[in-house]
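Chains as they are written, first to last, in our numbering: chain A, 1 to 315; chain B, 1001 to 1346.
Below: one structure, written as structure tokens.
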Amino acid sequence: MDMFIATILGILAAGSPLVLASLGETISERAGVVNLSLDGAMLLSAMAAFALALTTGSAWLGFLFGGLTGAAVAGFLVVVSVYLGCSQMAIGFILTLLCRDLAYFLGNDYARLPGPDLGYWSIPGLGGISPVVYVSVIAMFLVWRWMFFTRSGLRARAVGESPQAAFSRGVKVNRIRILCVLTGGFMAGLAGGAYSLAIKNGWGRPQGCEGAGWICLAIVIFGGWSPWKVVAGAYFFAALQVAGIHLQDLFPGLPGPVFQVAPFPIMILTLLLANLGRMRRVKDLAARNPFVKKIVSGLNASAPEALGKDFNEDM
Amino acid sequence: MSAPGFRMAAPVRLVAVAAFAVAATLIILLLAGAPPLDAVSVILDGGVGSRIRALQSLGVWTPLMLCSAGLLLTFAAGLWNIGIEGQVVMGAIAATCLLRFFGEGAGTFPLVLGLLAGMAGGALWAWLSGALRVYGRVHEIFSGLGLNFVAIGLTLWLILGPWRQPGAASLSGTEPLPDDFWLPMPGGFPLWQTVLAAAAVIAVRIILTKSRWGLVVKASGQNASAAALWGLRPGLRALQAMAACGALAGLAGALQVTGLYHRLLPSISSGYGYTALLAVMMAGFKLGPVIPICFFFAILNVGSIQLPLGLRLDSSLAGVIQGVLALSVFVVAGLELRLRRRKGGA
């Protein structure tokens, strides 16, 4: 039983940065902007969070600074793409590489140093739980409430589906997109801080969270841009990471680094699965077979209509 | 579209890009508390300061150029071949795998086979990514990225497992290949690498400007549904462009093994696939400017190796400068567009 609880707590902890970053990306993609810089931005935020925590001695200040770093990267992306008409994909990809190298370059002085961390908030009977778990759970409810039960959440979704229609009804498309992407970037930054201050304490080259941002981008597609499915996807990949540690004990012949890449082929398979329902042959089959139909409709999800498409208010 | 208005002359644009990049790099260097002029002189001295270092930079130019040439084909087909990094790695694995079958004294024939195996390995990996896009609707950014990690995992498994050095397995790589299979480097000059990279440049230029296939690929990349109506089979073209790019990337990987390291290493690709992506984007997806940009990037990569020794800075500064440059190109192009629109009174 202890083993079971420990595993669940492990999944909750490993999942919290994935939840934060994936939900952040969901917000910005529901508003129509793909933030491809996620992986680099998370790494840069992890470095910034740890560096500030080390200098000030306050892990919470560092955590917040991580969020602000993520927001700054996302802000650059959205301002350049909205106001200068640059391709979101190209800028996002350049930013992800740039931020990664920037993190290693600026973080050189902070590598392999012991520093503060966020510690644990215990629950009696369960044991220590990292504060980032609480933060991620609160974020889930906030994002869900905001997206589906507030005026601004509705507007953000409208901007992602049909910016023209929203604009013609007086919605400020650019402003909403910028706010959504900034919020998403802030959450990705918190995820970075969660890695360096709670999940994989400290900074180094490699830090250990490399590639997590790409998994989060895939989780958003896998979760069909719907917050709760995205959360489920995040915990699914966290469970894989935790399982990897146990599998390593089961297969001592395989070197450890091999297990670290396991999430990636599974990421491709889950994307394949999520896209199956959109293929004609599978649609035909679903029309004839009610069981297949049930599965397909569960997996099926469509992207926001205007996702990745630039919109110009002046035209 | 062609409203008479503001249009920056090419030299003005270059100066603007340089000014942006220099300003951003300066800020970053000052943030890191590094002396900017010293950093620049260490990099330049490390990259072209002596004959050997200049030849090293040329040696880095060749895989960058091979990858960039391939990427021009996939970009023409409208594809983001981020999986190119894994294609380089798979080329290196395939070449090493083939050469391991031949023992010492087998002559230079297996070397040629090894390079071909590298091309096949890269092409297969790229095809896989393309097939996931064409048949499985998985975006090539995700399939390519996932396959990159798989290729790296495979390398680590081979180095620590089946191909480990006798004695202790270590991350320093497999046992060196017999020197029959080392690409000849007369006077330290990467002759064959340069010849192959130059051949790839010429081939891609001819394919994209003169051949029917190139035209069809470009048409498919610009408007897949229109191309399908004309019977141009855009899915097939995407797969062909991916495989061609993968073959060039795989060749780059095979050359890293046979020409430089003479073994399989965990970081055999040195991130050249990603660097080539930056170079091609910075060149505005055009072949002409890619050639000097790859040279410059190669000098940065080779020169920055001296940074930790000389100035105690991390060598990732090369990647920072490359990224800042690529970003500056996009920002300047965007600013230009905005200025032109404003002057045109749109």
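Every residue, glycine too, gets a C-beta built ideally from N, C-alpha and C.
All figures in this text were calculated on a predicted structure; none of them were measured in a lab.
Write down the C-beta distance between B:A1095 and B:A1254 rounded to the nearest angstrom, noting that I regard them as a contact closer than 8 Å. 4 Å between Cβ atoms; contact.
For the beta strand (DSSP E) that B:G1107 lies in, which residues bound it at each end? DSSP places B:G1107 in no beta strand (DSSP E); its state is neither H nor E.
Straight-line CA distance for B:L1124 to B:A1243? In a straight line, the C-alpha of B:L1124 is about 7 Å away from that of B:A1243.
Leaving out five residues before and five after A:A48 in sequence, what residues of the same chain have Cβ atoms less than 7 Å from its Cβ? Within the same chain, Cβ atoms closer than 7 Å to the Cβ of A:A48 are found at F65, G66 and T69, the five residues on either side in sequence being excluded.
Could you pull out every residue in the same chain whose Cβ sits closer than 7 Å to the Cβ of A:Y235, ignoring the five residues on either side in sequence? Excluding sequence neighbours, A:Y235 sits near I11 and G15.
Is the separation between the beta-carbon of A:A71 and that of A:F186 shorter than 8 Å? The answer is yes: Cβ separation under 8 Å.
Sequence-distant residues of its chain with Cβ nearer than 7 Å to B:I1052 (five each side left out): Its chain contains G1188 as the residues whose beta carbon lies nearer than 7 Å to that of B:I1052, once the 5 sequence neighbours on both sides are disregarded; these appear in chain order.
Could you tell me if B:R1212 is buried or exposed, where buried requires 16 or more neighbouring beta carbons within 10 angstroms of its beta carbon? Exposed, since its Cβ has fewer than 16 Cβ neighbours within 10 Å.
Is it right to say A:H246 is buried, meaning 16 or more other beta carbons lie within 10 angstroms of its own, or is it exposed? Around the Cβ of A:H246, a 10 Å sphere holds fewer than 16 other Cβ atoms; the residue is exposed.
Could you name the residues of the same chain whose beta carbon sits closer than 8 Å to that of A:L95, not counting the 5 residues immediately before and after it, in chain order? For A:L95, same chain residues with a beta-carbon under 8 Å away, outside a window of 5 residues either side, are L36, S37, G40, A41, V73, F76 and L77 in chain order.
Where A:V173 meets chain B, residues with beta-carbon distance less than 8 Å: Think of a sphere of 8 Å around the beta carbon of A:V173: no beta carbon from chain B falls inside it, the nearest being about 17 Å out.
Can you pull the chain B neighbours of A:V261, defined as C-beta to C-beta under 7 Å? Ordered by position in chain B, the residues that pass the 7 Å Cβ test against A:V261 are F1149, V1150, I1152 and G1153.
Starting from A:G128, follow its DSSP beta bridges and name the residues at the other end. DSSP, once it has assigned bridges, lists A:S122 as partnering A:G128.
Nearest-angstrom Cα distance between A:S162 and A:R169? A:S162 and A:R169 have their C-alpha atoms spaced approximately 11 Å apart.
Terminal residues of the continuous alpha helix (DSSP H) containing A:V73? A59 to Y83 is the extent of the alpha helix (DSSP H) around A:V73.
Any 3 or more C-beta pairs closer than 8 Å across the stretch 1258-1270 of chain B and the stretch 1148-1168 of chain B: Look at the beta carbons and you see the stretch 1258-1270 of chain B touching the stretch 1148-1168 of chain B: at least three pairs across the two are nearer than 8 Å.
Contacts around A:L126, its chain only, beta-carbon distance under 8 Å, and the 5 residues preceding and following it disregarded: Here the set comprises I5 and L9.
Consider the Cβ of B:Y1274: report whether some Cβ of chain A lies at a distance smaller than 8 Å. Yes, because at least one Cβ of chain A sits closer than 8 Å to the Cβ of B:Y1274.
How would you label B:N1223, buried or exposed, when you count the other beta carbons within 10 angstroms and need 16 or more for buried? By the neighbour-count criterion, in which a residue is buried when 16 or more other Cβ atoms sit within 10 angstroms of its Cβ, B:N1223 is exposed.
Determine, using beta carbons only, whether A:P116 and A:L182 come nearer to each other than 8 Å. Cβ atoms of A:P116 and A:L182: not closer than 8 Å.
Is any beta-carbon of chain B found at less than 8 Å from that of A:I91? Closer than 8 Å: yes.
From this set, B:R1100, B:S1328, B:G1303 and B:R1342, which residue's C-alpha is nearest B:S1050's C-alpha? Here the closest residue by C-alpha is B:G1303.
Could one say the Cβ of A:A101 lies closer than 8 Å to chain B's Cβ atoms, at least one of them? Here residue 101 of chain A turns out to be Asp, not Ala, going by the sequence shown. Put simply, the CB of A:D101 is near chain B, with a gap under 8 Å to one of its CB atoms.
Is it true that the stretch 1284-1299 of chain B meets the stretch 1193-1210 of chain B, where meeting means three or more beta-carbon pairs spaced less than 8 Å apart? Segments in contact, yes.
Chain-ordered neighbours of A:N275 on chain B, where CB pairs are closer than 8 Å: Within chain B, the residues placing a beta-carbon under 8 Å from that of A:N275 are G1136, R1137 and V1138, ordered along the chain.
For A:W121, which of A:V135, A:P114 and A:D109 has the nearest alpha-carbon? Among A:V135, A:P114 and A:D109, the Cα nearest to that of A:W121 belongs to A:V135.
Kindly indicate which three-state DSSP category A:K309 falls into: helix, strand or coil? Coil at A:K309, not helix or strand.
Short CB-CB distance (under 8 Å) between A:A218 and chain E: Considering every chain present, this structure includes no chain E. Its protein chains are A and B.
Could you work out which residues of chain A lie near B:M1242, taking near to mean beta carbons separated by less than 8 Å? By Cβ distance, chain A contributes nothing, its closest Cβ being about 15 Å from B:M1242, past 8 Å.
Own chain, CB closer than 8 Å to A:L61, minus 5 neighbours either side, in chain order: Cβ-Cβ distances below 8 Å link A:L61 to L52 and A53 in the same chain, with the five nearest sequence neighbours on each side left out; the list follows chain order.
Chain-ordered chain A contacts of B:R1233 [CB-CB under 7 Å]: Within chain A, no residue has its CB atom less than 7 Å from the CB of B:R1233, the nearest being about 17 Å off.
How should B:Y1135 be labelled, buried or exposed, when 16 other C-beta atoms within 10 angstroms of its C-beta is the threshold for buried? Around the CB of B:Y1135, fewer than 16 other CB atoms lie within 10 Å, so the residue is classed as exposed.
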